[in-house]
Amino acid sequence: MSGIPEIVLVDDENRVTQSLEREIRMAFGSEEFRITRFENPEEAAAYTAPPPDNLFLVISDLRMPHMSGSELLAKVRESAPEVQTILLTAYSDIENIQKAISASIQSLLFKPWTREALASEISKARDIWTIRKQNNTLTRRIEDMLRETGEFQAKLFSFDIPMTSEVEIDLAYQPMAEYGCGGDFCDFRTPAEGGLLVLLGDVTGHGTKSAMIAGMIKTGIDALFSAKPELMTKPDLLMNTMNAHFCKMLEASPETLVGLTALYVNASTKLLAVATAGMPALIHLRDGKPEALRTPNPMLGAFPKAEFYKTERVFLPGDRVLLHTDGLVESVPHFFTVSEELENTIVSKNMHRTAEALVEDFRMFIPENHFTDDVTLIAIDNIIRQTT
C-alpha cells in the first residue's frame, strides 16, 4: 500500500468524510487511492507534518471546531508545499473563501458537490503533485550532477603551485555559486630554461559544458607541452599553436570561445612576457604604480588564421603581477564593469594583500556584493633579492 497515492479527508462530521470516500471510490475504483480520514483537524495537521511519501491531496471542510479548514490547509502548505489542498465550503462563506485564496489553497469545492466536480479536482491535484515531484527529483539530480562536476573539476585542476626562490604565487578561485563549477582554468609550468609560465583561461558560458571544455583544454595543454616544451617561454607562439588546436576542437560548437592569458616571467633574466586573448588586462605593479598590459588578440577558437602577439616588460625585484578572469570586475545582469581606473586604485592601495583578500576588496564594488561569474585571481610576486 505504501506506493499508492494517498488522500487525506478532514471533517468533524464522520458522515461527510464517508460520503467523500464513497464518491472517490465510485469515480476511480477501490484500489486507486489510499484514503485516510480525520474528524479532528489538529490530528490531521500532525499527520501531514511531515507528510507521508505518497500523500498528494488534503480535502478539508471549512467550518470545524478548534481549527478552521483554511487554517489547517495553510499549515499543510507550510509543512508540505508539494501537497495539494481542496477546501469544502458553501457559496455564502465569502470571508472565509477570501482567506482560503490568500492561504494559497489550490481549489475550492462547493457544497453540495457533484461526483464529476470532485473527480476533476482530484485528477488535477494528482497531476500537479506528480509534476512537482518529478521536478523536485530532476532538481536534485541536477544539483548532484553539478556538485559531482565541481568535485571532479577541482581534482582535475588540483596542482602543486610551484615553489621557487624567485617568485611567490598566490591564487584565489571562486566558481559561480549557482553551479559550483565553471569554465575558468589555470596552469603553471616551470620550463627547463628557468622562469615560470602561468596560463589563466576562461571558457565562455557557465556550468557543466564550460567545465567539460575546460577539462578538455587542460588535457590538451598537457599533451602540447609534452610535444613542444619550448613553447613554455614564448607566449605568442603558444597562443598561435593553441588557437589552431581550439579552432578544430570547437568547430562543432561555434558559440564556444576561450579567453586566455599566457604569462612568462623569469626573475633571473628580468623578463616579463605576456599575451592576452579576450581576457582582462594583466596588471604589472611596481612601487605601487599599476600598468595594464594587454595585447590586441582575438579569443581562441574564433579565427583559424589569426596571428597572436605578446608584449614584454622588465621584471624587477619587488614587482607584482596580477592576472584575473572577467568575473572579478563584471556583473553582466547589472550591465556593470569596474572601471580600469577603479581597478588600478584597488590594487594600488592593497598591493600586498593576499589573492583571497583582493577578491573580497573587489566584491565590495560589485552590485549586491555578489559575483555573477566564476572568479579567478592570481598574484605573482618577484621575491628575488636586489643585487647592488
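Going by the UniProt record's numbering, the sequence shown wraps up at 388, each residue one higher than the last.
Even for Gly, the Cβ is constructed at its ideal location relative to N, Cα and C.
Remember, predicted model here, so these are calculated numbers, not experimental data.
7 Å Cβ cutoff met for I299 and L257 = At residue 299 the sequence reads Met, which differs from the Ile that was named. Yes, Cβ-Cβ distance for M299 and L257 is below 7 Å.
Does the Cβ of Q106 have 16 or more other Cβ atoms within 10 Å, making it buried, or fewer, making it exposed?
-> buried
If we count the other Cβ atoms within 10 Å of its Cβ and call it buried at 16 or more, is M1 buried or exposed?
-> For M1, the predicted model reports a pLDDT of 40, less than 50, meaning its position is unreliable and no value from the coordinates is stated.
Assuming residue 400 contacts K218 (C-beta within less than 8 Å), just tell me the rounded distance between them.
-> Residue 400 is absent from the structure shown; the chain starts at 1 and stops at 388.
From G69 to S79, what distance separates their C-alpha atoms?
-> 15 Å
Roughly how many angstroms separate the alpha carbons of S165 and A252, rounded to a whole number?
-> 44 Å
At what residues does the alpha helix (DSSP H) containing A44 begin and finish?
-> Looking at the DSSP string, the run of the alpha helix (DSSP H) that includes A44 is 41-47.
For I59 and L9, the rounded distance between their alpha carbons | 5 Å
Figure out for me which residue from A306, P229, E360, F303 has the closest Cα to the Cα of V329.
-> E360
The stretch 264-281 in contact with the stretch 344-352 per 3-pair CB rule at 8 Å | no
Could you spell out where the alpha helix (DSSP H) holding N350 opens and where it closes?
-> Premise fails: N350 is in no alpha helix (DSSP H) and is neither H nor E.
Name, in chain order, the residues that DSSP records as bridge partners for F365.
-> Partner residues in a beta bridge of F365, as assigned by DSSP, do not exist.
Rounded C-beta distance between V198 and L272? I'm assuming under 8 Å.
-> With a Cβ gap of about 11 Å, V198 and L272 do not count as contacting.
Reference residue 465, options R25, S226, H352, P81, closest by Cα = No information on residue 465 is available, as it lies outside the stretch 1 to 388 that the chain covers here.
Selection from Q174, T233, F38 that minimises the alpha carbon distance to L358 = Q174
Under 7 Å between the Cβ atoms of F365 and V338?
-> yes
A355 to R363, Cα distance in whole Å?
-> 12 Å
Can you list, in chain order, the stretches of the alpha helix (DSSP H) that have 4 or more residues and sit fully within the stretch 307-364?
-> 340-349, 355-363
Is P191 closer than 7 Å to K310 when the C-beta atoms are compared?
-> no
Out of L73, K75, Q84, which has the shortest C-alpha to C-alpha gap to L55?
-> Q84
Taking the continuous beta strand (DSSP E) assigned at K228, which residues delimit it?
-> No beta strand (DSSP E) holds K228; DSSP gives it neither H nor E.
Whole-number beta carbon distance between D202 and T325, since they are thought to touch under 8 Å | 5 Å
Coil, strand or helix - P296 by DSSP = coil
Is the beta carbon of D319 less than 7 Å from the beta carbon of R353?
-> No, they are not a contact pair.
Grouping DSSP H, G and I as helix and E and B as strand, with all else coil, what is G195?
-> Shown here, G195 sits in coil according to DSSP, grouped into three states, outside any helix or strand.
Nearest residue (CA-CA) to T261, options F335, I378, N136, A27 | Selected option, being the one with the closest Cα: I378.
For E340, which residues of its own chain have a beta-carbon under 7 Å away from its beta-carbon, when the five flanking residues on both sides are left out?
-> A292
Taking I24 as part of the alpha helix (DSSP H), name the residues at either end of that continuous run.
-> In the DSSP assignment, I24 falls within the alpha helix (DSSP H) that extends over 14-28.
Residue span of the alpha helix (DSSP H) that contains G69, given as start and end = Taken as a continuous stretch (DSSP letters only), the alpha helix (DSSP H) holding G69 covers 69-79.
Buried or exposed by the 16-neighbour rule on C-beta atoms within 10 Å, applied to D381 | buried
Among L224, S120, V167, R147, which one has its Cα closest to the Cα of I24?
-> S120
Cβ-based burial, N243 [other Cβ within 10 Å; buried from 16] = buried
With DSSP collapsed to three states, give me the class of residue 402.
-> Residue 402 lies beyond the residue range present for the chain, which begins at 1 and ends at 388; the question has no answer from this structure.
Going straight from the alpha carbon of K228 to that of N240, what length do you get?
-> 13 Å
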